[in-house]
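Just so you know, we're using our numbering here: the sequence shown kicks off at 4 and counts up by one. Accompanying notes for the structure given below.
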Amino acid sequence: MSPVLAGVLQLLALVVALGLAYRPLGDYMAGVYSSKKHLLVEKWIYKAIGANPDTEMRWPAYLRGVLAFSAASVLFLYLLQRLQGSLPGSLGFASIDPDQAFNTAASFVSNTNWQSYSGEQAMGHVVQTGGLAVQNFVSASVGIAVAVALVRGFARSRTGELGNFWSDLVRGTIRILLPIAVIAALVLVACGAIQNFSGIHGVGQFMGGSQQWNGGAVASQEAIKELGTNGGGYFNANSAHPFENPNGLSNLLEIFLILVIPFSLTRTFGRMVGSLKQGYAILVAMGVIWLGFTALMMWTEFAHHGPAFDIAGGAMEGKETRFGVGGSSIFAVATTLTSTGAVNSFHSSFTGLGGGITMLGMQLGEIAPGGTGSGLYGMLIMAIIAVFIAGLMVGRTPEYLGKKIGTREIKLAACYILITPALVLCFTAAAMALPTPVHSMTNSGAHGFSEILYAYTSGANNNGSAFAGLGADTQWFNTTIGLAMLLGRFLPMVFVLALAGSLAEQRPVPATVGTLGTHKPLFSGLLVGTIVIVAGLTYFPALALGPLAEGLAS
């Protein structure tokens, strides 16, 4: 079987699996967030934290819950790392330095999982399982909760109430993420991923020196790392490490886990607003972008230039032979079009255009299908922009799902789409202008610029993957990328929840013959075009200095 055919068959199998899971998972999640009943374990949690799950919240109260919980999580994870040297199960590792502890705490709480350290050489079992793995669950649940709050803003009228954050947080963790992650972890163990709490083992001499490896609860963390679109690996090699991702079957499963909740949330959206066709329109836009990026990536990486490429079946530098070009390309697109950041190959070693595709996927806003929750609310913001543009073209007040998109709504949507590019471009410009940060670049020229642009794009978009050529464990990068991650996660949530509250207060507007049909293929096409144009106008100059310059020169 040719490598190209193998890659295409993997993609087809993935599409079929996602299609089979779409309806049951989407309907189940809609039921979870619409139910009035509470499980016994959920009642225990509410009692422990002193929350009343039946109290409805307006958007300021909902936002305060998000920010208070996230701030407490950052502080807890920071202290856990700073005290690691005194904790049992630390494997003899010292406490984490303050700047790196801040960076890691900000990273995992913001669902970014950027790692400026080697996990197997820095983090013991307590920090890995009691700190990082826990944040993998709750940070993903926070994202879904904010998305559900926005959906309620469209579905409700004349109320301003968006549900209860604590109830949404607990339900998302207990009823959705935890059971799926348990099943996925068992499958990963069956595939060969490790799951233990063993210490550090020596394996004798290797290439003139000794080699060591340590165990850990890898399969369970790997499952939620992908399912919650987190991305932080137990080992420095991330999903390229055989203990995390042993073979082609586990690789396909991990890609499925990355995509299944973000895609299925469009069904949840359609079910909750009372129109499945609206969910299908969003799904089509997501699917077109994802398939287009995947096809383009496979084409760039399979393109042969010389005998070495012909023999390898494509650009195999930086890729694992057990995954090949096809499996690596599909994984790279899935992880950068979502907020996952896990890698099974090194994006720095992709072709110039291939590396640009991974970067552009993040710069679109990671909305095709995006992260758990963040992908859906990001796509709905772009849908608002799209209907606003359509309204300008025909001279009508734009409407979406029976809600008028007025001055307040479009200002909030505009702030949402501007905050992340501002963080990326300002931090990148500062790093390139100052004398010290550029010393962390492994490469010079266009590729070196891409390393820094990719780092801030990854941080501000809460992705977490790296170009694998930047020495980011410095005070400058730990601090600035940490700030980019926090601001890139929580400032957009402010605008999303404010928009949700504004929509929920409106009276529904009846559809007329002049109302744009947002459930039709025409709107899906308009939405895709809006996304590409907005990202292109924002990032094209920076991309021209980095991956485009490198790709055209090669």
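Even glycine gets a Cβ: it sits at the ideal position worked out from N, Cα and C. Quick caveat, the model's predicted, so the values are computed rather than measured.
- Counting other Cβ atoms within 10 Å of its Cβ, residue 47 stays below 16 and is therefore classed as exposed.
- Below 8 Å, too few C-beta pairs join the region 469 to 481 and the region 403 to 415 to call them touching: fewer than three.
- For residue 50, the enclosing alpha helix (DSSP H) stretches over residues 43 to 52.
- With three or more CB-CB distances shorter than 8 Å, the region 502 to 510 counts as touching the region 155 to 165.
- Judged by beta-carbon spacing, residue 481 lies beyond the 8 Å limit of residue 224, meaning their Cβ atoms are not closer than that value.
- For residue 483, the uninterrupted alpha helix (DSSP H) run begins and ends at 478 to 508, by DSSP.
- Around the beta carbon of residue 13, 16 or more other beta carbons sit within 10 angstroms, so the residue counts as buried.
- In this chain, the alpha helix (DSSP H) harbouring residue 336 covers 327 to 340.
- Taken in chain order, the unbroken stretches of beta strand (DSSP E) that lie wholly in the region 196 to 261 and span 3 residues or more are 203 to 209 and 212 to 217.
- Contact check between the region 146 to 154 and the region 482 to 502: three or more CB pairs, one atom from each, fall below 8 Å, which counts as touching.
- The secondary-structure analysis by DSSP pairs residue 348 across a beta bridge with 322.
- Here DSSP, grouped into helix, strand and coil, assigns residue 164 to strand.
- Within the region 122 to 183, the complete alpha helix (DSSP H) runs of at least 4 residues fall at 122 to 125, 136 to 158 and 168 to 174.
- Taking C-beta atoms under 8 Å as the contact rule, residue 196 and residue 221 qualify, at a distance of about 6 Å.
- With contacts defined as CB atoms closer than 8 Å, residue 231 and residue 375 qualify as a contacting pair.
- Secondary structure of residue 523 (DSSP, three-state): coil.
- Here the alpha carbons of residue 402 and residue 503 stand approximately 15 Å from one another.
- With 16 or more neighbouring CB atoms inside 10 Å of its own CB, residue 332 falls in the buried class.
- Sequence-distant partners of residue 512 (beyond 5 residues in either direction) whose C-beta falls short of 6 Å from its own C-beta, in its chain, are 402, 405 and 407.
- The shortest CA-to-CA distance from residue 521 to any of 98, 389, 299 and 50 is the one to 389.
- Straight-line measurement puts the Cα of residue 491 at about 18 Å from the Cα of residue 235.
- Between residue 20 and residue 95, the alpha-carbon positions lie close to 43 Å from each other.
- Per DSSP, residue 39 lies in no alpha helix (DSSP H) and is assigned neither H nor E.
- Ranked by Cα distance from residue 362, the first of 379, 203 and 464 is 464.
- Look at residue 81 here: in three-state DSSP terms it is helix.
- Judged by DSSP secondary structure, residue 109 falls within the alpha helix (DSSP H) whose first and last residues are 101 to 112.
- Around the Cβ of residue 350, a 10 Å sphere holds 16 or more other Cβ atoms; the residue is buried.
- Around the beta carbon of residue 58, fewer than 16 other beta carbons lie within 10 angstroms, which makes this residue exposed.
- The straight-line gap separating the alpha-carbon atoms of residue 276 and residue 53 is approximately 31 Å.
- Scanning its chain for C-beta atoms nearer than 8 Å, with the 5 sequence neighbours on each side dropped, one finds around residue 194 the residues 249, 250, 252, 253 and 256, in chain order.
- Here residue 203 is exposed, its C-beta having fewer than 16 other C-beta atoms within 10 Å.
- With 16 or more other Cβ atoms inside 10 Å of its own Cβ, residue 550 counts as buried.
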